[in-house]
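Just add 15 to wherever you are in the sequence shown, counting from 1, and you've got the working numbering.
Worksheet: one structure, shown below.
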Amino acid sequence: MSYYVGLDVSLKTVFICIVNAKGKVVREDAVESKPEEISSYLKQTGYEITQIGLESGNLTHYLKKGLQKQVMT
Numbered sequence: 016m017s018y019y020v021g022l023d024v025s026l027k028t029v030f031i032c033i034v035n036a037k038g039k040v041v042r043e044d045a046v047e048s049k050p051e052e053i054s055s056y057l058k059q060t061g062y063e064i065t066q067i068g069l070e071s072g073n074l075t076h077y078l079k080k081g082l083q084k085q086v087m088t
């Protein structure tokens with residue numbers, strides 16, 4: 016099953032919401048606003064993540080590039 020992630024970004028914390036293909040929230044949590052923290056959290060869920068939606072703001076570019084780098088490693 017496919018899962019989708021929404022990231023609500025603040026300076027110190029990213030709030031994560033994961034929903035399944037039917038739109039049901041399956042998990043919500045918060046981690047530090049660091050790409051490696053977000054990536055580690057998402058990997059440990061074991062979900063097949065299809066898409067990540069990221070709130071636009073000051074940290075958007077930093078987090079996007081960092082998450083892309085994490086996926087490639």
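A virtual CB, placed ideally from N, CA and C, is assigned to each residue, including glycine.
Length of the line joining the Cα atoms of residue i and residue j
i: residue 94; j: residue 72; result: Past the edges of the chain, shown from 16 to 88, lies residue 94, and the structure says nothing about it.
i: residue 20; j: residue 68; result: 6 Å
i: residue 77; j: residue 51; result: 11 Å
i: residue 35; j: residue 23; result: 18 Å
i: residue 97; j: residue 26; result: Outside the displayed span of the chain (16 to 88) sits residue 97, for which this structure offers no information.
i: residue 63; j: residue 33; result: 11 Å
i: residue 38; j: residue 55; result: 23 Å
Beta-carbon gap between residue i and residue j smaller than 8 Å
i: residue 28; j: residue 47; result: yes
Residue i - DSSP class collapsed to helix/strand/coil
i: residue 81; result: helix
i: residue 26; result: coil
i: residue 18; result: strand
i: residue 57; result: helix
Residue i versus the options, residue with shortest Cα-Cα distance
i: residue 83; options: 41, 53, 38; result: 53
Which residues DSSP lists as bridging residue i, in chain order
i: residue 47; result: 28
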